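Colleague:
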Amino acid sequence: MELLYNIFIDPFVQMGAMPDFLLQVLWEGFVSGILYALLALGFVLIFKASGVFNFAQGIMVVFSALSLVSLYAAGVPAYIALALAILIMAALAVTIERVVLRHLVNQDDIILFMATIGLSYFLIGFGELIFGGEPKAMITEELGLPTGSTTFDIFDGILILQHIDIAAAVIAAILVAVLAIFFSKTRIGRGLRAVADDHQAALSVGISLNQIWAIVWFASGIVALATGIMWGAKSDVSFALQIVALKALPVLILGGFTSVPGAIVGGLIIGFGEKLFEVYWGGLLGGGVEGWFAYVIALIFLLFRPQGLFGEKIIERV
Amino acid sequence: MFKKLILGAAAIVAAGSMQVTTASAEDSLYIPSLTYRTGPYAGNGTPFANGYADYFNMLNARDGGIGGVKIVVEECETGYNSQKGVECYESTKGKGPLAYSPLSTGITLQLIPKAAVDKIPVFSMGYGLSAAAVGESFPWIFNYPTTYWSQLSAILKYIDSKEGIKGKKIGFIYLDAGYGKEPIPLLDKLSESMGFTVAKFPVAGKEMQNQASHWLNVRKERPDWMIMWGWGAMNSTAIKEAVKIRFPLDHFIGNWWSGGDADLGPVGKAGKGYLAANFSGLGTDFPAVQDIIKHVVDAGNSLVKDKSEVGHVLYNRGMFNAVVLAEAIAAAQKATGKKVITGEDMRVGLESFDLSEARLKELGLEGFTAPIKASCKDHEGGGSIFIQQWNGSAWEKVTDSITPMTDVVRPLLEEAAKNYVADKPEWKTQTCS
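Those protein sequences? They're chains Z and D, same order as listed. Heads up: the first sequence runs through residues 1 to 318, numbered per my numbering. Heads up: the second sequence runs through residues 319 to 751, numbered per my numbering.
#1: To the nearest angstrom, how far is it from the Cα of F366 (chain D) to the Cα of R635 (chain D)?
#2: Count the other CB atoms within 10 Å of the CB of K625 (chain D); is the residue buried (16 or more) or exposed (fewer)?
#3: For the beta strand (DSSP E) containing Y462 (chain D), name the first residue and the last one.
#4: Measure the alpha-carbon distance for A201 (chain Z) versus V195 (chain Z) and round it to whole angstroms.
#5: Is it a yes or a no for the stretch 404 to 415 of chain D touching the stretch 628 to 644 of chain D, going by three-plus beta-carbon pairs under 8 Å?
#6: Could you name the residues of chain Z that P358 (chain D) contacts, counting a contact when the two beta carbons are closer than 8 Å?
#7: Helix, strand or coil for A245 (chain Z)? Go by DSSP, reduced to three states.
#8: Buried or exposed for P306 (chain Z), going by 16 or more other Cβ atoms inside 10 Å?
#9: Roughly how many angstroms lie between the CA atoms of I483 (chain D) and V622 (chain D), to the nearest whole one?
#10: Is the separation between the beta-carbon of I438 (chain D) and that of P457 (chain D) shorter than 8 Å?
#11: I need the straight-line Cα distance from A417 (chain D) to F441 (chain D), nearest angstrom please.
#12: One question on the structure: do S702 (chain D) and A692 (chain D) come within less than 8 Å of each other, judged by their Cβ atoms?
#13: Run through DSSP, which three-state label would M138 (chain Z) get?
#14: Using alpha carbons as the reference points, say which of D:E510, D:T464, D:G363, D:K558 lies closest to H532 (chain D).
#15: Less than 8 Å between the beta carbons of L123 (chain Z) and A40 (chain Z), yes or no?
#16: So which of Z:R193, Z:L82, Z:I160 has the shortest CA-CA distance to M138 (chain Z)?
#17: Since I believe K486 (chain D) is in contact with F460 (chain D) (beta carbons under 8 Å), could you give me their beta-carbon distance rounded to a whole number of angstroms?
#18: Leaving out the 5 sequence neighbours to the left and right, which residues in its chain are closer than 6 Å to I571 (chain D) when beta-carbon positions are compared?
#19: Mind checking who S353 (chain Z) pairs with in its DSSP beta bridge?
#20: Would you mind working out which of Z:V69, Z:A73, Z:P11, Z:L38 sits nearest G58 (chain Z), comparing C-alpha positions?
#21: If we define contact as Cβ-Cβ less than 8 Å, is Q286 (chain D) a contact residue for chain Z?
#22: Name, going along the chain, the residues of the stretch 487 to 512 of chain D whose beta-carbon falls closer than 8 Å to a beta-carbon of chain Z.
#23: Nearest-angstrom Cα distance between A341 (chain D) and L421 (chain D)?
#24: Which runs of the alpha helix (DSSP H) spanning at least 4 residues fall entirely within the stretch 466 to 492 of chain D, listed in chain order?
#25: Would you identify the three-state DSSP class for A341 (chain D), choosing helix, strand or coil?
#26: Please list the terminal residues of the continuous beta strand (DSSP E) segment that includes E97 (chain Z).
#27: What runs of the alpha helix (DSSP H), each 4 residues or longer, lie entirely inside the stretch 392 to 439 of chain D?
#28: Within the stretch 497 to 524 of chain D, note down every full alpha helix (DSSP H) run reaching 4 residues or more, in order along the chain.
#29: Show which residues of chain Z have a CB atom less than 9 Å away from the CB atom of L584 (chain D).
#30: Report the residue ranges of all beta strand (DSSP E) runs contained in full by the stretch 339 to 379 of chain D; include only those spanning at least 3 residues, in chain order.
#31: Can you pull the DSSP bridge partners for A595 (chain D)?
#32: Do you know how far the Cα of I88 (chain Z) is from the Cα of F30 (chain Z)?
#33: Bridge partners for W713 (chain D) per DSSP, in chain order?
#34: What's the call for I284 (chain D), buried or exposed, on a 16-neighbour Cβ count within 10 Å?
#35: Can you list, in chain order, the residues of the stretch 1 to 32 of chain Z whose Cβ is nearer than 9 Å to any Cβ on chain D?
#36: What are the boundary residues of the beta strand (DSSP E) that includes W217 (chain Z)?
In structure tokens, the structure reads:
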């Protein structure tokens, strides 16, 4: 009886008793959701172009953020370091296309997937060789990003909004909007969809597969850099950041691997869901439940929509 | 051609990043070093490995080794992965190692059953299995200066001395792994006897940079003090989240693995006031550290990227690990009359280990740590901790030595040791007079 009370009544009593805290939980869920969406977006872009889950996306987040802070530490002004970090991601995209992807056109998806695993390990080793393994501080203030917080007195309590979290939400929204327009309204975007369907067919109608892949990996690199800046500001910039990228998995399962809106909606559902569950129900299971609960949410959605919320339904006729 | 060029470059990079030392137990003292200079915990593993290697290199350069025998330190990269740690152990145990210091509770737990079989001691300095302090049950394992349990008791003693612990709520945030869970049995027991309540906040390894939920729960639970058993990126993230919810940092104490320069560097001024336990000295104002700078760092034989890293918390901790092993080697040489010793001899040296204040002064480490004296029964050595505080840019020692609550902890350690060996009929114990 007590267990039923703790599951079905007590959490809602707590929400009603401390509405300011509930608002704080929802805000944190929103911020986490936005950041998860940003992580998932990097995966979605590459999956749309090549049908491959990019195992190297996590290390790309680390590599881009480390490039930025290391350039700054070497005396390069922050904004120039940012521009150079973007250029590094562009160079990386072109290199990956030339050295890895070009040779794998029309190969099975699993071959491309294995290539991204290899790429991931290469970037880890190469990154550690260049940048070292020590954690570094993100240059948040130097990049003009806001720090500090604003407190609102609300419902006889307080709601604390971190300025960096607000900035993260705004930047993520802008990035998503720009990418959505770029890939849906431009010739390259249409080419991207053609490439995703069939490499050889796209080549036969004159679409440059190499160009599309380089552009998509570059876009994914920019998303990785934005992700690295935001997560780096929350923690530090180190190789541990690549683990955070795994948070994108339940988002992708939920939102679909090919949908930009799916990444956003999926990210928000996971963000809100895991925060609410961890805070109000997690204690019943000893706490620390959000890691696996994200997958529970995703699996529940999968039961009803196996292709994800916004994923493409694949019908293969025999 | 281009492909060949890339492959060639990759081969050169790979070869350049490996340091292979050919070791022989016949004419040297072979010490394997299980490091993690790579991976998510490299920020902590690297300074420790540097301090460890630099002290032995200093002894080689300054004194010609120990007792006239050169020390060979061979690194094996574990990435803080228990499986890789065991692989490192298996690949080096045939070279005549004197002792292993894995710098990982996970790896230590794997090596404990192997130590007695292979006759190679494990020295898990302030980590690993707390119950291994009981020498009768764990003849081959040593964990001085104090165990996790003793450390926790000293931290609670500190809290009690500040504002009384009875009736308070203590929050315990920990890495949800063997290491983080290790002190929980003691915390639960002491909460009953000392009259405080506990709220626990486990942080999974893959969530260590994503702690918003955990700290929302902290805000909900409103603990009076927070204690952290963290490692790697978990530490800086937790401190940032504590600042975010406006938890008073002078009521937030990390254990000795949650108070390094790599942990607080990324936090900077925002972390001012945060407290942490420690047992190894801070800074470079010790003659032994100056000797390292002179004979190793300035000579270009250290792996530190910058001279300023010498004297950092984890650098000095790694150095202290080497000091203990070097002293145990010297003790073993004296006890056996041999210059080149074996793992079995080393065990004798570790068991008769006596680092008095006078000896610390001779070593150029006066005031670096509290005296340690091991025995057949006591593999913990009766060390103490002190509390340090982050001033926004560096650590400052803010207390004298705090002795653990040995009278409370020791019986619990003995009980835990008894339980550990109870279901292992082949376990080799020893009788101490």
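Glycine included, C-beta positions come from ideal geometry on N, C-alpha and C. The structure displayed is predicted, hence computed values, not measured ones.
Modeller: According to the data block:
#1: Cα to Cα, the separation comes out at about 6 Å.
#2: Result: exposed.
#3: Where Y462 (chain D) is concerned, there is no enclosing beta strand (DSSP E), given that its DSSP letter is neither H nor E.
#4: If you take the alpha carbons of A201 (chain Z) and V195 (chain Z), they lie about 8 Å apart.
#5: No contact exists between the stretch 404 to 415 of chain D and the stretch 628 to 644 of chain D.
#6: Taking the beta carbon of P358 (chain D) as reference, the chain Z residues within 8 Å of it are S238, F239, A240, Q242, I243, listed in sequence order.
#7: Look at A245 (chain Z) here: in three-state DSSP terms it is helix.
#8: By the neighbour-count rule (16 or more Cβ atoms within 10 Å), P306 (chain Z) is not buried but exposed.
#9: Annotation: I483 (chain D) to V622 (chain D) spans about 42 Å, alpha carbon to alpha carbon.
#10: Taking C-beta atoms as the reference points, I438 (chain D) and P457 (chain D) fail to come closer than 8 Å.
#11: Distance between the alpha carbons of A417 (chain D) and F441 (chain D): 7 Å.
#12: No; because the gap between Cβ atoms is not below 8 Å, this pair is not in contact.
#13: Three-state result, M138 (chain Z): coil.
#14: Minimum Cα distance to H532 (chain D) is reached at D:K558.
#15: Not in contact: L123 (chain Z) and A40 (chain Z) (Cβ atoms no closer than 8 Å).
#16: Answer by Cα proximity: Z:L82.
#17: F460 (chain D) to K486 (chain D), Cβ: 34 Å. No contact.
#18: Non-local beta-carbon contacts of I571 (chain D) in its own chain, meaning distances under 6 Å to residues more than five positions away in sequence, involve I473, I545, L593 in chain order.
#19: It is not possible to answer for residue 353 (chain Z), since the shown part of chain Z is limited to 1 through 318.
#20: Nearest C-alpha to G58 (chain Z): Z:L38.
#21: Only positions 319 to 751 of chain D appear in this structure, which leaves residue 286 (chain D) out of reach.
#22: Near chain Z, meaning a CB-to-CB distance below 8 Å, the residues of the stretch 487 to 512 of chain D are D494.
#23: Note that A341 (chain D) scores a pLDDT of 46, beneath 50, so its modelled location is shaky; the value from the coordinates is reported in the next line. So the two alpha carbons sit approximately 22 Å from each other.
#24: Complete alpha helix (DSSP H) runs here, min 4: 466 to 481.
#25: Any answer about A341 (chain D) is weak, because its pLDDT of 46 lies below 50 and its placement is not dependable; what the coordinates show is given next. If DSSP states are grouped into helix, strand and coil, A341 (chain D) belongs with coil.
#26: Following the DSSP letters along the chain, one finds E97 (chain Z) in no beta strand (DSSP E), marked with neither H nor E.
#27: You should have 400 to 410, 423 to 436.
#28: Within the stretch 497 to 524 of chain D, the complete alpha helix (DSSP H) runs of at least 4 residues are 502 to 512.
#29: It should be pointed out that residue 584 (chain D) corresponds to Pro in this sequence rather than to Leu. Within chain Z, the residues near P584 (chain D) are P135, K136, A137, M138, G232, S235, D236, V237, S238.
#30: For the stretch 339 to 379 of chain D, whole beta strand (DSSP E) runs of length 3 or above, ordered along the chain, are 347 to 353.
#31: Residue pairing for A595 (chain D): DSSP places it in a beta bridge opposite D:I705.
#32: Taking the Cα positions, F30 (chain Z) is about 31 Å away from I88 (chain Z).
#33: In the DSSP output, where bridge partners are listed per residue, W713 (chain D) has D:W708.
#34: It is not possible to answer for residue 284 (chain D), since the shown part of chain D is limited to 319 through 751.
#35: Cβ contacts with chain D come from Q14, M18, F21, Q24, V25, E28, G29, V31, S32.
#36: Segment 209 to 234 is the alpha helix (DSSP H) holding W217 (chain Z); no beta strand (DSSP E) there.
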